[in-house]
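K.L.:
Dropping the structure in here first, questions after.
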Amino acid sequence: MTLRKIESFEEVKDFVSSSDRAIVLLKSKNCTVCEAVERQLEEQFHNEIVYAKGQIEDVPEARGQWTVFSAPTVLFFFEGREVWRGSRFIDWDDLNRMIIRTLPEN
1 MTLRKIESFE
11 EVKDFVSSSD
21 RAIVLLKSKN
31 CTVCEAVERQ
41 LEEQFHNEIV
51 YAKGQIEDVP
61 EARGQWTVFS
71 APTVLFFFEG
81 REVWRGSRFI
91 DWDDLNRMII
101 RTLPEN
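Each residue of the sequence shown is one higher than the one before, starting from 1 at the first, in the UniProt record's numbering.
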C-alpha cells in the first residue's frame, strides 16, 4: 500500500481525483483505535491500493465536506466518488467486498 500523508483538504481532493481507487484514513490525535486501524490497513492492502492519512484536527474541512464526526474514519473512493465509509469500528470484510467489486474483471 502506498502511503501519502495529507495536511490540507486540497491535498486530499487532489489525491482522490488522481487515483482510480483510493482509501483515505482520517485519524485523531491520541487515538489508539486509529493506530490499530492504520496498521490493519497496511497489513490488509499491502501494495494493492493507494491510501492517504491525515489528522482530522489538521484537515478540518474534511469534517464538513465529508460529514466526518468520529475517528478513525476510513473512506474508499472509486473514480473520484466515495463508495464506502466506515467509522470507529471498521467492517473489514465489507470494505474488502467493495474493493473487489471495483477491480477490473479478468
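Ideal Cβ positions, reconstructed from N, Cα and C, are used throughout, including at glycine.
For residue 73, which option in 59, 88, 83 has the closest C-alpha, if you only look at C-alpha atoms?
P.N.:
In the sequence shown, residue 73 corresponds to position 73, counting from 1. Minimum Cα distance to residue 73 is reached at 88.
K.L.:
How many whole angstroms separate the CB atoms of residue 65 and residue 9, which I take to be in contact at a CB cut-off of 8 Å?
P.N.:
The sequence position of residue 65 within the sequence shown is 65, counting from 1. The sequence position of residue 9 within the sequence shown is 9, counting from 1. With 8 Å as the limit, residue 65 and residue 9 qualify as a contact, their Cβ atoms being about 7 Å apart.
K.L.:
With a 10 Å radius around its C-beta and 16 neighbouring C-beta atoms as the bar for buried, classify residue 79 as buried or exposed.
P.N.:
Counted from its first residue, the sequence shown places residue 79 at position 79. Residue 79 is exposed by the Cβ-count criterion.
K.L.:
Give every residue of the same chain whose Cβ lies closer than 8 Å to the Cβ of residue 57, excluding the five residues on either side of it in the sequence, and list them in chain order.
P.N.:
Taking the first residue of the sequence shown as position 1, residue 57 is located at position 57. Excluding sequence neighbours, residue 57 sits near 28, 29.
K.L.:
Which class does residue 50 belong to by DSSP, given the choice of helix, strand or coil?
P.N.:
Within the sequence shown, residue 50 is the residue found at index 50, counting from 1. Three-state result, residue 50: strand.
K.L.:
Check the C-beta distance from residue 41 over to residue 26 and give it rounded, since I have them as a contact under 8 Å.
P.N.:
By one-based count along the sequence shown, residue 41 stands at place 41. By one-based count along the sequence shown, residue 26 stands at place 26. Wrong, their Cβ atoms sit about 12 Å apart, outside the cutoff.
K.L.:
To the nearest angstrom, how far is it from the Cα of residue 106 to the Cα of residue 100?
P.N.:
Within the sequence shown, residue 106 is the residue found at index 106, counting from 1. Within the sequence shown, residue 100 is the residue found at index 100, counting from 1. Its pLDDT being 46, under 50, residue 106 is placed unreliably by the model, and nothing is read from it.
K.L.:
With residue 75 and residue 85 assumed to form a contact (beta carbons below 8 Å), what rounded beta-carbon distance in angstroms separates them?
P.N.:
Counted from its first residue, the sequence shown places residue 75 at position 75. Counted from its first residue, the sequence shown places residue 85 at position 85. About 5 Å; that satisfies the 8 Å criterion.
K.L.:
How many angstroms separate the CA atom of residue 23 from the CA atom of residue 103?
P.N.:
Here residue 23 refers to the residue found at position 23 when the sequence shown is read from its first residue. Here residue 103 refers to the residue found at position 103 when the sequence shown is read from its first residue. Going from the Cα of residue 23 to the Cα of residue 103 covers about 14 Å.
K.L.:
How should residue 53 be labelled, buried or exposed, when 16 other C-beta atoms within 10 angstroms of its C-beta is the threshold for buried?
P.N.:
The residue you call residue 53 lines up with position 53 of the sequence shown. When all chains shown are included, residue 53 counts as buried.
K.L.:
Does the beta-carbon distance from residue 77 to residue 21 come in below 9 Å?
P.N.:
Against the sequence shown, residue 77 aligns to sequence position 77. Against the sequence shown, residue 21 aligns to sequence position 21. For residue 77 and residue 21, yes; Cβs fall inside 9 Å.
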